[in-house]
């Protein structure tokens, strides 16, 4: 028994030593990379990173690789010799690169991004001392100078991106609203001295107020989101991509069990040859009962709303009180990235938010069955869902001792994390091979902007980031993306930036890789479907970070206020507390106030931004409903007269309402030169006649208007046989 115990201790010690050596090497490599990139910027200049001929130049390879190798060796040697030069080097290396980049970039948005990272690194490395204040002031001054400069030219490589503002009006308004609310709350707290130890304002608000808040937010989430999605169908604003595709696919699934569609690629094709999404079968029983586009449209509303269940369970698992649980559940319901993800109609990504939240909850609870089930469900959403599973798995792997992250024993958590990652990697690889050989290929082109070695495909992104970090930084913080980043950060009160645990950094991966690395505009639109998974994991990171601070502050709050001497001698409590003894209490009180104000910011920013963005989204729909949309009932009656066994070519805004037709094609993408039978009917909008390039071809092919099936808004044409 003694020998076994000794062996286990030796094994554990060896394991910890190996982990220590690996972490030392990785940190030295990161420090060397940052210093090398700063030196490269000074020597080669800013524009050298944006060569039109390629993302990685010969100069990058010749300079960065030797510099990183030399500096890594030097840093490891300095650590071995215990030289002071390497103390706090990670933060200093970042500051050197950050200030160099801020001095040379033409983009104010990049300086703002660098500032946010600097704050995050300061909290992570616990380097928040006043000594670094000059750097923060420098970043603010550089940002102000650049934003006031005329032009603010983008590097040539990024000039084709949309000209979105650095900060959207909705974000600015939410910050302006939060400031007076926070000021009033703080003033009330200071003025209300009716008790010796005034409780925080949030603790004095009755519990039923928080319950009412949750009910109001839930009703708003369901009604407002549902009304918008319903209105899109009713005013004929839902188009082929993606609502028409999924509606027709569900009709095919209902009849044949196969996810077929003719709309997606202008041919009869399985949707699984474009994306592997077995999760879509989860809604099939519901669609069989109610075979309509309204069914899958409304299903999205309840799928996103269902996320409050794992959110509430997580907050309880993390030890938060009832009021905090209700606040976080309310916050989730109005998170812009979750609320607006469905505003371009149905997409399979909608499953990601509740599934990933349940996955994180079951890992925290220590449920092996729940973890396995929701890992598989997450992978079934789409082939790239592996990235979300990998982020969670890596966080679990390196955080197996984090009792909030998981209650699994360390060995079990490690084995589970490795299993999740391996299963996910196998699924992802298999899916890519299948799509390459039997499907339409994986959509890797959306990362072409960072693929420096085309032969390596997606793997080429890694050397690009390593050798040309400046291109990567300017890409993720380009002006058009910063407004999106600020919406995401303010709606979470910037709390994810306060994380102080390494393993939780992996939860940032989907947000960076899916939303920021690509220059495809829709990847970083808050009202598109690429936000569900990444924003759900950022929400988890914010929740974990908040729970850490609450636990830390509660521990300090329970400590005796005047030391043990006061307990032994109550008379000492009447004496004036020395300034030295009161400082820890003041510091704790300030931290508690800061954390509470950030949660308040998250609630205010999410509410305000969601309300204002929703108003902006509803405005054109209401205008269409009042001025342009035809009578829904009459138009639907005309469309129902088209025989369902016909071959039909229809306008993209009408395919949703004709999706039960098996051979249905979008008029814009229909290839008239293909060798196939001509359509029986063509269904168009009169107001969009200029939009149809092949209208003359339709007339020459013998198509004529069917007057009793048409209207002032709708044009139905039939071919003369």
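In my numbering, the protein residues as written are 707 to 1427. Glycine residues also receive a C-beta, built at the ideal position from the N, C-alpha and C atoms.
Whole beta strand (DSSP E) elements within the stretch 1347-1386, 3-residue minimum = 1353-1356 and 1369-1372
Can you tell me the Cα-Cα spacing of residue 1346 and residue 1380, whole angstroms?
-> The count along the chain shown starts at 1 and reaches residue 1346 at position 640. The count along the chain shown starts at 1 and reaches residue 1380 at position 674. In a straight line, the C-alpha of residue 1346 is about 28 angstroms away from that of residue 1380.
DSSP beta-bridge partners of residue 944 = The residue you call residue 944 lines up with position 238 of the chain shown. Its beta-bridge partners do not exist; DSSP assigns none.
Among 1084, 1079 and 1065, which one has its Cα closest to the Cα of residue 1057?
-> As a first step, residue 1057 must be located in the chain shown, where it is residue number 351. The residue with the shortest Cα to Cα distance from residue 1057 is 1084.
Just tell me which of 988, 1182, 765 and 1307 has its CA closest to the CA of residue 1217.
-> For this step, residue 1217 is matched to residue 511 along the chain shown. Out of 988, 1182, 765 and 1307, 1182 has the C-alpha closest to the C-alpha of residue 1217.
How many angstroms separate the CA atom of residue 1364 from the CA atom of residue 1344?
-> For this step, residue 1364 is matched to residue 658 along the chain shown. For this step, residue 1344 is matched to residue 638 along the chain shown. Near 11 angstroms, if we compare the C-alpha coordinates of residue 1344 and residue 1364.
Alpha carbon of residue 1010 to alpha carbon of residue 845, nearest angstrom | Along the chain shown, read from residue 1 onward, the residue named residue 1010 stands at position 304. Along the chain shown, read from residue 1 onward, the residue named residue 845 stands at position 139. Cα to Cα, residue 1010 sits roughly 38 angstroms from residue 845.
Answer yes if the stretch 1165-1184 comes into contact with the stretch 1057-1072, meaning at least three C-beta pairs across the two stretches below 8 angstroms, and no otherwise.
-> no
Could you tell me which residues DSSP puts in a beta bridge with residue 1388?
-> To locate residue 1388, count along the chain shown from 1; it is residue 682. The partner list for residue 1388 (beta bridge, DSSP) reads 1355 and 1423.
Start and end of the beta strand (DSSP E) containing residue 1410?
-> As a working mapping, residue 1410 is identified with position 704 in the chain shown. Taken as a continuous stretch (DSSP letters only), the beta strand (DSSP E) holding residue 1410 covers 1409-1411.
Do the stretch 733-741 and the stretch 792-809 meet, that is, are 3 or more Cβ pairs less than 8 angstroms apart?
-> yes
Buried or exposed: which applies to residue 1210, given that a residue is buried once 16 or more other Cβ atoms fall within 10 Å of its Cβ?
-> Residue 1210 sits at position 504 when you count from the first residue of the chain shown. Buried is the call here.
Nonlocal neighbours in the same chain, by C-beta distance under 7 angstroms from residue 964, ignoring five residues either side | Within the chain shown, the letter at position 258 stands for residue 964. Correct list, in chain order: 958 and 976.
For residue 1410 and residue 1044, the rounded distance between their alpha carbons = Position 338 of the chain shown holds residue 1044. Position 704 of the chain shown holds residue 1410. Between residue 1044 and residue 1410, the C-alpha separation is close to 46 angstroms.
With a 10 Å radius around its C-beta and 16 neighbouring C-beta atoms as the bar for buried, classify residue 876 as buried or exposed.
-> Residue mapping note: residue 876 aligns to position 170 of the chain shown, counting from 1. Burial call: buried.
Could you name the residues of the same chain whose beta carbon sits closer than 6 angstroms to that of residue 1146, not counting the 5 residues immediately before and after it, in chain order?
-> The residue you call residue 1146 lines up with position 440 of the chain shown. Result list for residue 1146: 979 and 980, in chain order.
Check whether residue 864 and residue 756 have beta carbons under 9 angstroms apart = Translated into positions along the chain shown, residue 864 becomes position 158. Translated into positions along the chain shown, residue 756 becomes position 50. Cβ distance < 9 angstroms, so residue 864 and residue 756 count as in contact.
Can you tell me whether DSSP reads residue 966 as helix, strand or coil?
-> Reading the chain shown from its first residue, position 260 is the one you call residue 966. If DSSP states are grouped into helix, strand and coil, residue 966 belongs with the strands.
Look at the Cβ atom of residue 1335, then the Cβ atom of residue 1201, and state whether they are nearer than 9 angstroms.
-> Indexing the chain shown from 1 puts residue 1335 at position 629. Indexing the chain shown from 1 puts residue 1201 at position 495. The answer is no: Cβ separation not under 9 angstroms.
Anticipated Cβ contact below 8 angstroms, residue 817 with residue 849, distance rounded = Here the question's residue 817 lines up with position 111 in the chain shown. Here the question's residue 849 lines up with position 143 in the chain shown. Confirmed, about 4 angstroms.
Is the Cβ-Cβ distance between residue 1404 and residue 1396 less than 9 angstroms?
-> Position 698 of the chain shown holds residue 1404. Position 690 of the chain shown holds residue 1396. No. Outside cutoff.
The alpha helix (DSSP H) spanning residue 1089 covers which residue range?
-> In the chain shown, counting from the first residue as 1, residue 1089 sits at position 383. It is not in any alpha helix (DSSP H) - residue 1089 carries neither H nor E in the DSSP assignment.
Own chain partners of residue 902 with C-beta closer than 7 angstroms, once the 5 adjacent residues on each side are dropped = As a working mapping, residue 902 is identified with position 196 in the chain shown. Annotation note: pLDDT 49 at residue 902 (below 50); position unreliable, no value reported.
Element boundaries [alpha helix (DSSP H), containing residue 1151] | Your numbering for residue 1151 matches position 445 in the chain shown. Neither: residue 1151 is in no alpha helix (DSSP H) and is coded neither H nor E.
Using alpha carbons as the reference points, say which of 824, 1366, 1376 and 728 lies closest to residue 778.
-> Looking up residue 778 in the chain shown gives position 72. It is 728.
Roughly how far, in whole angstroms, is the beta-carbon of residue 1311 from the beta-carbon of residue 1196, given that I think they are within contact range, below 8 angstroms?
-> By one-based count along the chain shown, residue 1311 stands at place 605. By one-based count along the chain shown, residue 1196 stands at place 490. Confirmed, Cβ separation roughly 4 angstroms.
Evaluate residue 1238 with the Cβ neighbour count: other Cβ atoms within 10 Å of its Cβ, from every protein chain shown; 16 or more gives buried, anything less gives exposed.
-> On the chain shown, position 532 is the one that residue 1238 refers to. Buried, because 16 or more other Cβ atoms sit within 10 Å of the Cβ of residue 1238.
Continuous alpha helix (DSSP H) stretch holding residue 826: start and end | Within the chain shown, the letter at position 120 stands for residue 826. Unbroken alpha helix (DSSP H) run through residue 826: 814-830.
Do residue 1232 and residue 1193 have their C-beta atoms within less than 9 angstroms of each other?
-> Here residue 1232 corresponds to residue number 526 of the chain shown, with the count starting at 1. Here residue 1193 corresponds to residue number 487 of the chain shown, with the count starting at 1. Yes.
Proximal residues to residue 1169 (C-beta, below 8 angstroms), its chain only, five neighbours per side dropped | Residue mapping note: residue 1169 aligns to position 463 of the chain shown, counting from 1. Taken in chain order, the residues that qualify are 762, 1158, 1159 and 1162.
Counting only the same chain and skipping the five closest in sequence on each side, list residues whose C-beta sits under 6 angstroms from that of residue 1324.
-> Numbered from 1 along the chain shown, position 618 holds the residue referred to as residue 1324. If we look at residue 1324 and ignore the five residues flanking it on each side, it has no Cβ neighbours.
Note down the Cα distance separating residue 1016 from residue 1097, rounded to an integer number of angstroms.
-> Counted from its first residue, the chain shown places residue 1016 at position 310. Counted from its first residue, the chain shown places residue 1097 at position 391. The straight-line gap from Cα to Cα measures roughly 18 angstroms.
Decide if the stretch 872-890 is in contact with the stretch 996-1007; the criterion is three or more beta carbon pairs, one per stretch, under 8 angstroms apart.
-> no
Buried or exposed (CB count within 10 angstroms, at least 16 for buried), residue 1387 = As a first step, residue 1387 is located in the chain shown; it is residue number 681 there, counting from the start. With 16 or more other Cβ atoms within 10 Å, it is buried.
Secondary structure at residue 1240, three-state DSSP: helix, strand or coil?
-> Within the chain shown, residue 1240 is the residue found at index 534, counting from 1. Looking at residue 1240 - three-state DSSP - the assignment turns out to be helix.
Out of 1329, 1255, 1322 and 1333, point me to the one whose CA is closest to residue 1303's CA.
-> Position 597 of the chain shown, counted from the first residue, corresponds to residue 1303. The candidate whose alpha carbon is nearest that of residue 1303 is 1255.
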